[in-house]
Every structure is written in C-alpha cells, then in structure tokens.
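Line by line, the protein sequences are chains D and R. Residue numbering for the first sequence follows numbering that gives the first Met the number 0, starting at 0 and increasing by one per position. Residue numbering for the second sequence follows numbering that gives the first Met the number 0, starting at 0 and increasing by one per position. First the structure, in the form of structure tokens, and then the observations on it.
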Amino acid sequence: MTSTPKSSFVLSHRHLLGIEGLSAAEITGLLDLGEEFVALNRQIDKKQASLRGRTQVNMFFENSTRTQASFELAGKRLGADVMNMSASSSSMNKGETLIDTAMTLNAMHPDILVVRHHSSGAVELLASKLDCSVINAGDGTHEHPTQALLDALTIRRNKGRIEGLLVVICGDILHSRVARSNIILLNAMGARVRVVAPSTLLPPGIERMGVEVARDMREGLAGADIVMMLRLQRERMNGSFVPSVSEYFNYWGLDEKKLAYAKKDALVMHPGPMNRGVEIDSIVADGAQSVIREQVEMGVAIRMAVLEALSRNLPNA
Amino acid sequence: MREARPVLLANARIIDPSRDLDIVGDLLIADGIIREAKKGIGAAGVPEGTEVVDCRDKVIAPGLVDMRAFIGEPGATYRETFASASQAAAAGGVTTIVCQPDTSPAIDDPATVDFVLRRARDTAIVHVAPMAALTKGLEGHEMTEIGLLKAAGAVAFTDGARSVTNAQVMRRALTYARDFDALIVHHTEDPDLNGDGVMNEGEFAARLGLLGIPSAAETIMLERDMRLVALTKGRYHAASITCAQSLAVLRQAREAGLDVSASASINHLTLNENDIGSYRTFLKVTPPLRTEDDRKALFAALNEGLIDVVMSDHNPQDVETKRLPFAEAAAGAIGLETMLSAGLRLVHSGDVTLPVLLRAMSTRPAERLGLPGGTLRAGAPADVIVIDTDVPWIVDPNELKSKCKNTPFDEARMTGRVVRTIVAGRTIYESL
Chain D
0 MTSTPKSSFV
10 LSHRHLLGIE
20 GLSAAEITGL
30 LDLGEEFVAL
40 NRQIDKKQAS
50 LRGRTQVNMF
60 FENSTRTQAS
70 FELAGKRLGA
80 DVMNMSASSS
90 SMNKGETLID
100 TAMTLNAMHP
110 DILVVRHHSS
120 GAVELLASKL
130 DCSVINAGDG
140 THEHPTQALL
150 DALTIRRNKG
160 RIEGLLVVIC
170 GDILHSRVAR
180 SNIILLNAMG
190 ARVRVVAPST
200 LLPPGIERMG
210 VEVARDMREG
220 LAGADIVMML
230 RLQRERMNGS
240 FVPSVSEYFN
250 YWGLDEKKLA
260 YAKKDALVMH
270 PGPMNRGVEI
280 DSIVADGAQS
290 VIREQVEMGV
300 AIRMAVLEAL
310 SRNLPNA
Chain R
0 MREARPVLLA
10 NARIIDPSRD
20 LDIVGDLLIA
30 DGIIREAKKG
40 IGAAGVPEGT
50 EVVDCRDKVI
60 APGLVDMRAF
70 IGEPGATYRE
80 TFASASQAAA
90 AGGVTTIVCQ
100 PDTSPAIDDP
110 ATVDFVLRRA
120 RDTAIVHVAP
130 MAALTKGLEG
140 HEMTEIGLLK
150 AAGAVAFTDG
160 ARSVTNAQVM
170 RRALTYARDF
180 DALIVHHTED
190 PDLNGDGVMN
200 EGEFAARLGL
210 LGIPSAAETI
220 MLERDMRLVA
230 LTKGRYHAAS
240 ITCAQSLAVL
250 RQAREAGLDV
260 SASASINHLT
270 LNENDIGSYR
280 TFLKVTPPLR
290 TEDDRKALFA
300 ALNEGLIDVV
310 MSDHNPQDVE
320 TKRLPFAEAA
330 AGAIGLETML
340 SAGLRLVHSG
350 DVTLPVLLRA
360 MSTRPAERLG
370 LPGGTLRAGA
380 PADVIVIDTD
390 VPWIVDPNEL
400 KSKCKNTPFD
410 EARMTGRVVR
420 TIVAGRTIYE
430 SL
C-alpha cells in the first residue's frame, strides 16, 4: 500500500439510491474523495485495503458494460471480493420475483450490493428488503447517481467549479436517468441547467425540476459552459418519438456548427455508449472540447469514492 | 419569360377580405406585384404601356387558395396532373392549389416534396403548395420528418383522406410538430364507426338500402383531437367538417383558446344527402353529404367565422371508379373549376355575403398556411381574380378542364363565374 486517501469523509447513509437527498456538502465530500482516487488510480500500485474482507455483489438486471466494469474495478481496487451477476446468467430469468432474489442474496451476507434494474424504483424496493448497503447503478428512467457524480467530478476538474456554470443537457431527457440525476446534482451545487430536446422527448412538468427548457439547439446552446449529450435508443428513432435518424441529427445532433453556439471553451460530455452520427458527430466526439474519455476515468474513481465512503458507515467498520 | 405589361383593372368592386375592404375603385398591377387598390387611380395615373381593363359591374378579389385538392401526381397521372388541375384551377379562379399527399408514392419524404414542387413549377400555370404526409406511407403508425419536410416546402401535415386512429401517434405528432410551428390537418372520421357505410346514416340511407355513416363518426374523432390539442398545445386544422354536432365541438375548443381552425367543402355547403337521388355516384364523397339541417348549420358557421376555410375537396375519379353500383364506387368529386360558382349560390340565396365567402376561399387559407396570397395589399403578389357575379351558365362536363368529369354539378345551372384569373401579374385565364 503506497498511499491511502487523506479525506476521512463518511457518507452517513446506508444506501446510495439517488442524488436526491444528498446535500451539497455530501456531494462535495464524495467529489473530494474521488479526486484522491484519480491520483491513486494513476499509480502503478492501485490496490487499497479499505474493503478487505467485504463482499460486493454487482447485480445487473439490465445489460451494461462500462458501468459494471467500472464498479467491479472500483471494488477490486479497494480490496473487496466482487461477484458479478447478470440477468442472462441467473435465476432472474427464471421467473423468480425481485423480492425472492433479494432474500436469497441476503442470506449470503453481502456487504454491498450494486444494482441496475430496468424499472424505476426497483432498487429502492430491493434496498428496503436487504441488510446490506445498496448502490443504485441505474434504475429505469429514474436515477443514476454515480454517473452524475462522475460528470460533476469531470466538470470540476476542468472548470475548477460547478457553481454558476450553465450546463445544457441535450437529447432524450424523457427516458434518461442520467439527466434526472444530473439535474438534481447540478441544482444542488448551484449550476444553471437547461435542457434541449424535441418536445416528444421532454417529460411534461420538467420545467418544475429547476431547469430552463429550450426546443432548438441554437437557443439552447447559447452561452453554455457544458454541453451534455444523451444517447437516443434505437427503438425511439424511427417515427415513434422522432421521425428518423437524419432528422434527429439535423436538428438535435451535436456537430461543429451547433457546438459553435456554445461558449468557445465549452466542454462536450456524453455518458456513453455513443451513437455517432445520431446524437453526436465524430468530429465533436473526438474533438478538443470533448472530455468523454475522461468521464470514463472519473467513473472508476467516483465509484471507489462511493464504496469507500459508504463502507466507512457499515456495521463493524 | 417576357415580363407582363402592367394592368389596371378599373371601375370594379374591390373586395379584399384581408383588410375588410369593399370599395368601388381601380387596382394596379405591375411587375407581378399589386401596386395599389383605391378609388380613382384612373388611366392617367398609371405607367406607360399599361393595359386598362374596364371591370365595371365586376368584382375583383384575391385569387382563391384551395386548401384541399387531390392531384394524381405522382402515381395517378391518368386521373389528374398538375398541368390539367392547374388549367381547371385557373378557370375556377383558384391561384394556389394546396395538394394532398395521398399519391403513389405518398408525399412523405423531402425528395418527393421536391419532386412535386419542381413538377408543378414546370407544368402548372397556378401556384402549387403541397401538404406532406403526417405519418410514413399514410399508415398512421410513425410520424414523418416534419422538420425536413417543412424545410423542403411542405405547408402542412396530413394523412389526406385517412384518419390517424392511434391517439398516441396523434399526440406525439401534435407535440413534435409544435417544435417546428407546423400545422396538422386531420380528416376526422373514425374508420371503425364508418365501417362499410357509404352515405349519411338516416332515413334516406334506409330507403335506398345503403349502409349509413353516422355523423358521430366525425364528431367523436374531432372531440378526441380537441382533447389532444389541449394536451399538446399543437396547431390543428380539421380538414372537412360536415355536421352540426362537430360545430358545437369546434366552438367549445375555440372558446377554450385552442389553436384550432376548420374547413368545410363546397359540396357540403351547397348539397345534401337528398341530392344523391337515385344512386348518383358523383355525389358520393367523404365524409358523406349530410342532412339539410347540417348544411344550414355549416353556412351559419361560415358566417360566424367558426368555419375558417371553404375548399373544393377536388378529387378526380374516372369512369372505372365511378360507373359502378353506389356502394362500390369510389368517393370523390372534382371541384376546382366550380367551387366559386357553387359558392355564389350561397351569396345569391342570401345565406352568406360575398366578402365572407371570399375570405374563406382566399384570405383564411393563406393565413393559416402561411402563404403569401389571399390579399390585395400593395406589395402582395398579384394573384387576382375578376368575377362576374351575375352571368348565367350551365356546367357542361365536357368543357371542364379537369381530366376527370365527376362533377356533382353535372348540368347544373350556375349564376356567376370568374372571367379573368391573374397569377403573379400574368393573365392566365380569360373567359370569352
């Protein structure tokens, strides 16, 4: 062990189910801890011992590559025993109810359960039945707290602050848990948030969540410090919510021309996986203003921070 | 093309519904633009070489904008082409045809809009403005590229004579169209309630032994749409309103401040179900001709402004589709050439005034679709018609310009018609 984090921040909640309910101080505590893990992750010896003896189960009811890998790596670097379970390889596919799955798992005494589920609220339901700590790795179209935290860390590292920045979130807001968690976090941290999307991809009532609403990119991106693009699912592209890929890209896809409406030093972000040529042009995705790859790096660090801060609050910790 | 000479239309009754103008005076046209319309310009006040046309006892009005005409291009040019339709339009005083997307292929992508505009530019003698399909292939499932289609030149979005039965599709289309400030035009008939019906439901259908279509089929769909417009704050136009009950729904929506307008066809304003007589298929239209009470309610609504637009519903059908037993015959009637004369029947009978009729045939459709015509203001494009409101004539199908002759006014006596049609300053039609 070459070094350990200096921050002694403890997240005094049992679970991390969402950004909702976190104070600005708690968010800052997690970001500060995450910042330290960024440095640790760049060392040759990345191994920590703070979760030694702990069991972390990653339970993904919905397919994921980057989030699952990121949580797995985070747990392992902190010394936990990590087990992955996914929908395709478990009894979740055999008709067992969510509660039964939870009770079965509970009997195995995991310390931390990381859950992704396709239904909003499912993670909270699980958490209410389990004795361990639960981390929401994305529930339906509700929240994806670690994504919002890693986005915040990326922003803070590049801009030096979050407060006062204008963050514009573009695309499929309606179906996005990333958008919801970000809106809550950014508001808590004092940023200005604006959403841009075709009206069919905006949940009615969104303006009551503390965002400005714009319907075209010129108006929407004006003055933006951060441009956060969202993924458009394939099944929503062909006439149901938007008419076609070409029309979507034409009016809402981020290309150089539209990016020019934002501030010159605006950052381009995307939670991934990207649909190049649908919501974002390759020239922009790979361009100088893009921090998309940095977001992935921040992902591991922030998940280590969350695991660390929660584990300090575990019984017997 | 050589520039047309300036024209002074002198001593006419000038009616410009776009500014409630109704005066006796002169109208000067030069360079394709209306220069002036006022009392006493006179032959002395015009540029050298101006053609002076004495229009004493005639009416000058903006060229008509026909908001609903089915043309066979692309795909059914044996029925109608832009060339033939525009000849019929010119003879009927229509200077802008708004064509419908029920073609083959349907006008549902920007390339087809482009084709229509080029084809019309090359072959038509009046303006042609296409509506594009609201859903792909007019199938009612997936919305079309409303943004790109509008940019290509589509003036509104409709599935033509088809209704979008899926309320979710309609909701999303209204919501999405709002982002582009696009107008959705909807044919309000519930196809399930229509069933196999072929004419208005009631005594007359019962006597003829034909399956009826209840007016509720229209009203129910319109009511649904009004709820969806309230939900989405979309822009909406009812394509063809035919009955009194629908007018009540429309009135309520207007009073609630919804962005809703409506058309009635010239057929429904001047004919009723009794005119079907002994199975005359030229009077089979969709929605069907209704009762006399419905017709009276329609022109009352026109006077009130509740019906914004009067359109021809021009729908050419040839003998193969019309010379059939009533139930098997295709629906549709031609109307570009007779719309104004038929409308003048309402004026002569005292049911509507001439300015009200002209407003609904020119100013309102132009306003609703964002087209430049429908006005005689100085600086507007010189799309102008001269009407002799009193000349008697008989509709002879053989003399009609349309490729198809399925007119419900076959052999009908008319009073009044267009004697000169001017498009962009050029006289394209003059009756002998």
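A virtual CB, placed ideally from N, CA and C, is assigned to each residue, including glycine. Here the structure is a predicted model, which means the values were calculated and not measured.
Chain R residues whose Cβ lies nearer than 7 angstroms to that of residue i
i: D/Gly238; result: Lys135, His140, Glu141 and Met142
i: D/Tyr250; result: Gly146
i: D/Ser243; result: Glu144
i: D/Glu246; result: Glu144, Gly146 and Leu147
Three-state class that DSSP yields for residue i in the structure shown
i: R/Ser361; result: helix
i: R/Glu254; result: helix
i: R/Val346; result: helix
i: D/Gly298; result: helix
i: D/Asn315; result: coil
i: R/Pro354; result: helix
i: R/Ile384; result: strand
i: D/Phe70; result: helix
i: D/Asp322; result: In the structure as shown, chain D begins at 0 and stops at 316. Residue 322 of chain D is therefore absent and cannot be evaluated.
i: R/Pro391; result: strand
i: R/Gly415; result: strand
i: D/Thr54; result: strand
i: D/Gln76; result: Correcting the residue type first, residue 76 of chain D is Arg in the shown sequence and not Gln. Three-state DSSP puts D/Arg76 in a helix.
i: R/Asp409; result: coil
i: D/Asn83; result: strand
i: R/Ala377; result: coil
i: D/Thr103; result: helix
i: R/Thr157; result: strand
i: R/Asn397; result: helix
i: R/Met0; result: Because the pLDDT at R/Met0 is just 48, under 50, the model does not fix this residue reliably, and the point stays unresolved.
Integer Cβ distance of residue i from residue j, believed to fall under 8 angstroms
i: D/Arg51; j: D/Gly78; result: 4 angstroms
i: R/Thr134; j: R/Val163; result: 6 angstroms
i: R/Thr337; j: R/Phe408; result: 5 angstroms
i: D/Ile151; j: D/Met188; result: It should be pointed out that residue 151 of chain D corresponds to Ala in this sequence rather than to Ile. D/Ala151 to D/Met188, Cβ: 7 angstroms. Contact.
i: R/Met225; j: R/Val184; result: R/Met225 to R/Val184, Cβ: 15 angstroms. No contact.
i: R/Gly378; j: R/Ile32; result: 6 angstroms
i: R/Thr285; j: R/Asn271; result: Between R/Asn271 and R/Thr285 the Cβ distance is about 15 angstroms, and since that is not below 8 angstroms, they are no contact.
i: D/Arg176; j: D/Gly139; result: 7 angstroms
i: D/Leu16; j: D/Asn135; result: 5 angstroms
i: D/Leu39; j: D/Ser2; result: 7 angstroms
i: D/Leu164; j: D/Ala190; result: 5 angstroms
i: D/Leu313; j: D/Val283; result: Not confirmed; about 43 angstroms, so no contact.
i: R/Ile421; j: R/Asp382; result: 7 angstroms
i: R/Leu339; j: R/Val417; result: 6 angstroms
Listed by chain order, chain D residues near residue i by CB distance under 8 angstroms
i: R/Arg171; result: Thr199, Ser239 and Phe240
Within chain D, partners of residue i - CB distance below 7 angstroms
i: R/Tyr235; result: By Cβ distance, chain D contributes nothing, its closest Cβ being about 15 angstroms from R/Tyr235, past 7 angstroms.
i: R/Asp174; result: According to the sequence shown, residue 174 of chain R is Thr rather than Asp. Chain D residues near R/Thr174: Ser198 and Thr199.
Residue i: contacting residues in chain R (beta-carbon distance under 9 angstroms)
i: D/Arg193; result: The contacting residues do not exist; D/Arg193 stays about 16 angstroms from chain R at best.
Beta-carbon neighbours of residue i, restricted to chain D and to distances below 9 angstroms
i: R/Val177; result: Rather than Val, the amino acid found at residue 177 of chain R in this sequence is Arg. Near R/Arg177 (Cβ distances below 9 angstroms), the residues of chain D are Ser198 and Arg214.
Quick check: the region 387–398 of chain R against the region 36–44 of chain R, are at least 3 beta-carbon pairs closer than 8 angstroms?
no
In the region 206–292 of chain R, which residue ranges form an unbroken alpha helix (DSSP H) of at least 4 residues, counting only runs that do not cross its ends?
215–231, 243–254 and 265–269
Which runs of the alpha helix (DSSP H) fall wholly inside the region 129–200 of chain D and span at least 4 residues, in chain order?
144–158 and 176–187
Every unbroken alpha helix (DSSP H) inside the region 99–142 of chain R [4 residues or more]:
109–122
Any chance the region 366–375 of chain R sits against the region 64–82 of chain R, with 3 or more Cβ pairs inside 8 angstroms?
yes
Suppose only complete runs of 3+ residues qualify. What are the beta strand (DSSP E) ranges in the region 36–100 of chain R, listed by chain order?
50–53, 58–61, 63–68 and 93–98
Write down every uninterrupted run of the beta strand (DSSP E) in the region 226–305 of chain D whose length is 3 residues or greater and which is fully enclosed by it, in chain order.
266–268
Contiguous beta strand (DSSP E) assignments of at least 3 residues, all confined to the region 287–338 of chain R
308–310
Determine contact between the region 88–108 of chain R and the region 144–158 of chain R, defined as no fewer than three beta-carbon pairs at a distance below 8 angstroms.
yes
Taking contact to mean at least 3 C-beta pairs separated by less than 8 angstroms, is the region 227–243 of chain D in contact with the region 120–128 of chain R?
no
Alpha helix (DSSP H) runs contained entirely in the region 167–196 of chain R, provided each spans 4 or more residues:
190–193
Indicate whether the contact test is met: 3 or more Cβ pairs, each with one atom in the region 228–241 of chain R and one in the region 163–173 of chain R, closer than 8 angstroms.
yes
Say whether the region 154–161 of chain D touches the region 118–138 of chain D, bearing in mind that this needs 3 or more beta-carbon pairs closer than 8 angstroms, one atom from each stretch.
no
Count Cβ pairs between the region 257–270 of chain R and the region 209–218 of chain R that sit closer than 8 angstroms; are there 3 or more?
no
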